[in-house]
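Asks: Quick one: the structure is below, and I'll ask about it shortly.
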Amino acid sequence: MITGGLIGCSWIGAEPTEAERTAERLRTPPNLLEENRERDDQERANASASEPDTQAGRDPASYLTTYNDQVALNTGLPADAGWAILGRALDRSGFALIESDDSARTHGIRYDTNAVIGLDDDANDAAPVTDERGVFERLAFWRSAPEAGVQRYQLRVSARDNGSRIVVEQLSGDPAPDRAARQVLVVVAEQLKP
């Protein structure tokens with residue numbers, strides 16, 4: 078009887094089986110924002126169950142990096158998968174998705190530049206809004222007026238060593254203003270973090 082009790086105790090405290098480890102990996106959402114997913118898996122395997130998860134409480138802005146003097150977001154996914162996941166993240170975050178190009182790995186969005194968090198009122202007033210339409214264009218009441226402050230940007234996903242990189246560009250291919258790029262990528266990082 079005592080032997081049976083001791084054997085039963087060893088089953089309770091034994092190492093998890095491969096099936097249990099696989100089930101735990103399936104329950105845990107993937108960390109799409111880490112540069113090296115293998116390192117993350119190794120850290121997760123070495124961490125004890127009693128330690129709190131610091132990734133869940135991490136600030137999304139801390140995932141942003143700079144690449145070629147441009148704000149970027151690195152993911153641990155291949156470029157094709159990163160493009161698909163980015164499209165879903167943009168849809169969930171509420172951005173107006175205008176176009177998506179799989180071959181160029183870009184998503185076009187509409188973004189209100191006046192909604193940039195941290196933009197001072199003085200900086201906003203520095204650029205006066207002018208109506209550059211001609212007299213006849215202003216008289217054409219059947220046309221809708223252009224929306225002030227709404228810009229179109231594209232998010233480009235490019236391959237890198239251990240995954241992909243997301244950058245925000247103007248439609249011409251030039252880098253987007255840092256404040257707008259940072260705001261868009263923080264929202265995307267919030268959607269992608271575990």
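In our numbering, the protein residues as written are 78 to 271. Even glycine gets a Cβ: it sits at the ideal position worked out from N, Cα and C.
1) Answer yes if the region 236-249 comes into contact with the region 151-166, meaning at least three C-beta pairs across the two stretches below 8 angstroms, and no otherwise.
2) Taking Val245 as the reference, give the member of Pro93, Ala161, Leu141 with the closest Cα.
3) Quick one: Cα of Asp178 to Cα of Ile162, how far?
4) Answer with buried or exposed for Gly250, where buried requires no fewer than 16 other C-beta atoms within 10 angstroms of its C-beta.
5) Among Val234, Arg187, Asp136, whose alpha-carbon lies nearest the alpha-carbon of Gly226?
6) With a cut-off of 8 angstroms on the beta carbons, I'd call Tyr230 and Val263 a contact; round off their distance for me.
7) On the CB-based measure, 16 or more other CB atoms within 10 Å of its CB, does Ala91 come out buried or exposed?
8) Would you mind working out which of Pro93, Ser235, Val265 sits nearest Leu174, comparing C-alpha positions?
9) By DSSP, does Arg98 sit in helix, in strand, or in coil?
10) Mind checking Arg98: buried by the 16 CB within 10 Å criterion, or exposed?
11) In the DSSP assignment, what residue or residues form a beta bridge with Asn151?
Replies: So, to answer that:
1) Taking 8 angstroms as the limit for Cβ pairs, the verdict is that the region 236-249 does touch the region 151-166.
2) Here residue 245 refers to the residue found at position 168 when the sequence shown is read from its first residue. Answer by Cα proximity: Leu141.
3) Position 101 of the sequence shown, counting from 1, holds the residue named residue 178. Position 85 of the sequence shown, counting from 1, holds the residue named residue 162. Those two C-alpha atoms are separated by around 14 angstroms.
4) Locating residue 250 in the sequence shown gives position 173, where the first residue counts as 1. It counts as exposed.
5) Translated into positions along the sequence shown, residue 226 becomes position 149. Checked all of Val234, Arg187, Asp136; the closest Cα to Gly226 is Arg187.
6) Taking the first residue of the sequence shown as position 1, residue 230 is located at position 153. Taking the first residue of the sequence shown as position 1, residue 263 is located at position 186. About 14 angstroms separates the two Cβ atoms, so there is no contact after all.
7) Position 14 of the sequence shown, counted from the start, is the residue given in the question as residue 91. Residue burial is scored here from C-beta neighbours: Ala91 has fewer than 16 other C-beta atoms within 10 angstroms and is therefore classed as exposed.
8) What you label residue 174 is simply residue 97 of the sequence shown in a count that begins at 1. Closest by alpha carbon: Val265.
9) Position 21 of the sequence shown, counting from 1, holds the residue named residue 98. DSSP, read as helix, strand or coil, puts Arg98 in helix.
10) Here residue 98 corresponds to residue number 21 of the sequence shown, with the count starting at 1. Exposed: under 16 other Cβ atoms inside 10 Å.
11) Locating residue 151 in the sequence shown gives position 74, counting from the first residue. Paired residues: Arg242.
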